[in-house]
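Accompanying notes for the structure given below.
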Amino acid sequence: MNPQDMKPQREAWYRSKTFKRFRRNPLAIVGSLLLLGFVLVAFFAPAITAPQLASIRTARPCLRDLGIKRDEVLAELRNPLKPTFWKATLAPPQTCYEIPRDGFSPLPKPPSKKHPLGVSGGSYDILYGLTWGTRTAFYVGFLVVGISLAIGIVVGGMSGFLGGTIDNMVMRVTDVMLSFPGLVFVMIVSVIFGSGLTTVMIALALIRWAGYARFFRGDILRTKAQEFVDAARAIGASPLRVFLKHVFPNAIGTLLILASMDVGSIVLTAAGFSFLGLGAPVGYADWGQMISFARGYILGTAQGTPFDFWYVWIYPSIMLVLFGLAWNLLGDAVRDALDPKS
Amino acid sequence: MTTFIVRRLLQLPIVLVAISLLIFGMMQFLSPEQRASTYAKTEQQAKNLDLIIRQYNLDQGFFVQYTTWLKAVMHGDLGYSKQSHEPVLDTIRKKLPVSAELAMYMFFPVLAFGIWMGTMAAIHRDGFIDQVVRVFAIIGWSLPTFVLGIWLLAVLYGHFKLFGIGRADDQYMVEFARGTLKAYTGMITIDGILNGRWDVTLSALKRLVMPVLTYTVVASAQIMRVLRSSMLDVLNSDYVRTARAKGLPERVVNLKHARRNAIIPVVTIAGLMFAFMLEGVFFIEIIFNIPGLGQWAVPSAVQLDFPAVIGIALLTGLVVSVANLAVDILYGIIDPRISFQ
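Chains as they are written, first to last, in our numbering: chain A, 139 to 480; chain B, 284 to 624.
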């Protein structure tokens with residue numbers, strides 16, 4: 139008998155009980171809708187901010203790199219039939235992530251027709267920062283999850299496959315990594331390689347892999363104990379073949395799903411580091427950086443009241459919290475669906 | 284039990300050596316001059332790095348360097364911080380009580396609130412209370428410390444002029460500086476009592492409200508989640524059914540039979556949380572203007588003050604390993620079966 143036949147029957151994922159449980163959870167629906175909103179904002183960022191790109195002078199490097207003339211911005215960026223629309227949407231140049239500034243006044247200005255959400259101190263356009271910041275958020279989240287997941291799968295897989303001393307050593311290393319506070323780790327890495335968004339991402343990936351490695355190792359050990367693995371071994375499949383063809387594909391599913399839900403918490407953490415000044419530089423379209431930059435205006439000016447400059451810090455912090463909320467609602471629903479007992 | 288504790292204590296040096304190797308290994312990415320600054324004790328020395336490079340074998344192989352470095356660290360020689368204009372160890376000594384006091388007041392409310400919420404949610408499973416607690420947990424989960432911190436700062440302090448920021452009223456800080464109030468422990472709430480001045484303690488406690496509130500909302504969700512799920516497991520077990528069948532009151536069954544056994548995973552999380560609180564403390568210090576370790580260390584990382592950051596990393600390693608040790612020992616006390624494995 140072919141060991142594959144002894145595996146539990148595979149069914150279409152959208153008909154599975156797990157997915158049904160997920161779909162019936164109202165919180166999951168709210169989370170999905172929120173997330174869809176963020177995806178749309180990120181995708182249409184160039185089209186949404188076309189008026190800012192057209193009217194603010196410091197947006198010129200971005201327009202230059204996109205190859206558009208100033209009076210054609212609206213027509214080019216809001217028309218999906220133009221190639222420039224797709225270039226700006228799918229592969230915008232780095233210069234477009236610099237928030238354009240309308241002057242150099244240190245005082246924020248409230249929302250107006252030209253700046254729908256106002257400008258922060260230094261005259262950075264807030265709407266621009268928020269929409270392009272959504273792209274930064276997705277970029278940071280997916281990249282960190284991707285890198286740490288890759289490391290975690292390799293290390294955890296090896297640990298579970300080889301067992302013995304290597305397994306033991308790897309687990310001790312993950313123990314240390316898991317109990318060491320991320321902030322201190324990021325501080326060390328920043329001091330050595332200089333601070334910046336890339337440093338934060340590398341440091342986060344170097345912390346996060348340990349959790350995935352442990353989780354994956356556990357799932358591998360559980361899968362290894364199942365009958366179809368014994369069957370494969372009994373008909374004489376080599377250990378490597380058993381591992382790659384039978385254990386690995388059956389163990390990895392849960393990890394991939396759960397890890398993808400970590401995007402939100404990674405973005406929140408990265409924003410925290412930006413808030414402390416260890417992440418993105420001032421003027422970069424990143425929510426954490428915008429909140430950090432707004433710190434000086436939270437309590438207002440000496441004469442004014444604290445809510446004089448509310449728009450400077452409320453908008454980016456709400457974006458950040460909603461982004462985290464969307465992922466956490468999804469993640470919670472997914473965990474419930476996978477394990478109805480908890 | 285004693286052998287278990289002794290064995291666990293003997294492991295501590297090994298963990299510490301591993302952590303120090305990790306930190307020292309990362310330091311190897313720095314140039315010898317940059318590393319030399321972590322050995323300097325005074326401003327004078329910080330300017331004469333060549334001497335230090337020779338004295339501490341910084342141009343030699345890895346293990347020669349490592350042992351020389353470890354010896355220096357053991358003597359409390361952590362280098363000179365440009366940020367605070369004094370040796371790193373002196374700064375840590377001054378700032379540690381500030382951060383420790385904050386951490387102390389932050390830790391217990393989180394634990395108590397998390398345990399209370401988790402118990403309520405598990406007892407009223409799928410009921411209204413459970414739903415409320417779970418929504419609260421997801422919101423707390425999605426609110427980073429710094430975001431909730433600045434919101435509370437703007438609304439409570441900025442708008443309603445409540446609580447205040449910093450450590451205590453300026454007049455008390457001046458008294459501490461002048462010496463009319465003695466700083467026995469460096470923790471204002473305790474020093475106030477020791478000086479017989481309740482007004483000082485009260486002023487300090489008032490300023491702890493916002494930090495503690497912020498952190499409780501943000502961090503208790505994790506405790507709640509762990510306790511809820513482990514308590515649900517226990518509530519389904521046979522001996523709980525037996526206890527109910529004997530006619531014991533629901534309250535006794537829930538708290539004495541169920542929760543006491545469900546609390547073990549919470550100990551693990553609480554231990555981890557204690558180490559991670561360092562992170563929370565750093566954020567809180569920066570938002571609420573409390574002059575502790577974070578207010579010195581984080582700018583140090585931005586300003587590339589290597590000795591300060593390495594010093595903080597070593598301190599973190601020590602705190603983390605001692606916290607882990609405490610958790611293991613606590614484990615053995617709560618659940619005697621563990622120490623015999």
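Even for Gly, the Cβ is constructed at its ideal location relative to N, Cα and C.
Everything numeric in this text was worked out from a predicted model, so none of it was measured.
Measure from the alpha carbon of residue i to the alpha carbon of each residue in the options, then state which is nearest.
i, options, result
"B/L491", "B/V523, B/R450, B/K465, B/I306", "B/R450"
"A/L212", "A/A185, A/G205, A/A351, A/R473", "A/A185"
"A/V293", "A/R153, A/I358, A/R198", "A/I358"
"A/G410", "A/F353, A/S193, A/A370, A/L321", "A/L321"
"A/G349", "A/W224, A/L396, A/I326", "A/L396"
"A/S486", "A/Q427, A/P238, A/M399, A/Y235", "Outside the shown range of chain A (139 to 480) lies residue 486 of chain A, about which nothing can therefore be said."
"A/L463", "A/G417, A/V420, A/I404", "A/I404"
"A/A275", "A/T407, A/S430, A/K247", "A/T407"
"A/T361", "A/K220, A/N306, A/A229, A/G298", "A/G298"
"A/D424", "A/L268, A/R239, A/G402, A/I167", "A/L268"
"A/M508", "A/T272, A/L382, A/Q364, A/V459", "It is not possible to answer for residue 508 of chain A, since the shown part of chain A is limited to 139 through 480."
"B/D373", "B/I595, B/V602, B/I612", "B/I595"
"B/W460", "B/I567, B/A504, B/A355, B/K377", "Inspection of the sequence shows that residue 460 of chain B is occupied by Ala rather than by Trp. For B/A460, the nearest C-alpha among the options comes from B/K377."
"B/L496", "B/L341, B/A541, B/W434", "B/W434"
"B/V535", "B/T402, B/A355, B/I302, B/L555", "B/T402"
"A/F223", "A/T187, A/P249, A/E236", "A/T187"
"A/V472", "A/S154, A/F160, A/G334, A/A192", "A/F160"
"B/T484", "B/T499, B/L464, B/P494", "B/L464"
Just grab the DSSP bridge partners of residue i for me.
i, result
"B/Y614", "Paired residues: none, contrary to the question."
"B/P370", "B/Y363"
"A/Y422", "A/E236"
Would you mind reading off the limits of the alpha helix (DSSP H) that contains residue i?
i, result
"A/E365", "365-372"
"B/R461", "453-461"
"A/S398", "386-398"
"B/K539", "B/K539 -> no alpha helix (DSSP H), and no H or E assigned at all."
"A/Y350", "335-362"
"A/R481", "With chain A represented from 139 up to 480, any question about residue 481 of chain A goes unanswered, as that position is not in the structure."
"B/S340", "Contrary to the premise, residue 340 of chain B reads as Asn rather than Ser in this sequence. Here B/N340 belongs to no alpha helix (DSSP H), and DSSP marks it neither H nor E."
"A/F318", "Premise fails: A/F318 is in no alpha helix (DSSP H) and is neither H nor E."
"B/A301", "285-310"
"A/S170", "164-181"
"B/K330", "326-330"
"A/L463", "448-476"
"B/A528", "521-528"
"A/A188", "188-193"
"B/K489", "481-518"
"A/E210", "Unbroken run through A/E210: none, as it is neither H nor E."
"A/S412", "401-413"
"B/P532", "Here B/P532 belongs to no alpha helix (DSSP H), and DSSP marks it neither H nor E."
"B/R318", "315-319"
"B/I476", "471-477"
Quick one: is the Cβ of residue i within less than 8 Å of any heavy atom of the ligand NAP?
i, result
"B/A355", "The model depicted lacks the ligand NAP and carries no ligand whatsoever."
Q.
Quick check for students: name the residue ranges of the alpha helix (DSSP H) that lie wholly in the region 564-597 of chain B, counting only runs of 4 or more.
A. As far as the region 564-597 of chain B is concerned, its whole alpha helix (DSSP H) runs of at least 4 residues are 576-585.
Q.
Can you pull out the residues from the region 313-326 of chain B whose beta carbon lies closer than 7 Å to at least one beta carbon of chain A?
A. Of all residues in the region 313-326 of chain B, L313 have a Cβ within less than 7 Å of some Cβ in chain A.
Q) Which runs of the alpha helix (DSSP H), 4 residues or longer, sit entirely within the region 214-301 of chain A? A) The qualifying runs are 221-228, 264-300.
Q: Can you give me, in chain order, the residues of the region 466-478 of chain A that have a beta carbon less than 7 Å from any beta carbon in chain E?
A: Note that chain E does not occur in the displayed structure, where the protein chains are A and B.
Q. For the region 393-436 of chain B, which segments carrying the alpha helix (DSSP H) assignment without a break, of at least 4 residues, lie completely within its bounds, in sequence order?
A. For the region 393-436 of chain B, the full-length alpha helix (DSSP H) segments reaching 4 residues or more read 411-425, 428-435 along the chain.
Q: Name, going along the chain, the residues of the region 422-437 of chain B whose beta-carbon falls closer than 8 Å to a beta-carbon of chain A.
A: Listed in sequence order: I422, W424, S425, L426, P427, T428, F429, V430, I433, W434, L436, A437.
Q: Mind checking the region 378-409 of chain B against chain A and listing, in chain order, the residues whose C-beta falls within less than 9 Å of any C-beta there?
A: Answer in chain order: no residues at all.
**Q.** Residues of the region 493-504 of chain B whose Cβ lies closer than 9 Å to any Cβ of chain A, in chain order
**A.** Close to chain A, meaning a Cβ-Cβ distance shorter than 9 Å, is no residue of the region 493-504 of chain B at all.
**Q.** Members of the region 299-314 of chain A that neighbour chain B once the beta carbon cut-off is set at 7 Å
**A.** Answer in chain order: V314.
Q. Taking Cβ-Cβ distances below 8 Å as the criterion, which residues of the region 556-567 of chain B are in contact with chain A?
A. Within the region 556-567 of chain B, A558, F559, L561, E562, F565, F566 place their CB atoms closer than 8 Å to a CB of chain A, listed in sequence order.
Q) Taking a cut of 8 Å between CB atoms, which residues from the region 408-422 of chain A lie near chain B? A) Cβ contacts with chain B: A409, G410, F413, L414, G415, L416.
Q: Note down, in chain order, all residues in the region 316-335 of chain A with a beta-carbon under 9 Å from any beta-carbon belonging to chain B.
A: Answer set for the region 316-335 of chain A: L316, S317, F318, P319, G320, L321, V322, F323, V324, M325, I326, V327, S328, V329, I330, F331, G332, S333.
**Q.** Within 7 Å of chain A by C-beta, residues of the region 583-594 of chain B in sequence order
**A.** Result list: A584, V585, L587, F589, V592.
Q.
Against chain A, which members of the region 597-608 of chain B pass a CB distance test of less than 7 Å?
A. Here the close residues are T599, V603, N607.
Q | Residues, ordered as in the chain, of the region 290-309 of chain B that lie near chain A by beta-carbon distance below 9 Å | A | So the close ones are V298, A301, I302, L305, I306, M309.
Q. Given a limit of 7 Å on CB to CB distance, which residues of the region 253-270 of chain A reach chain B?
A. Listed by position along the chain: nothing, the set is empty.
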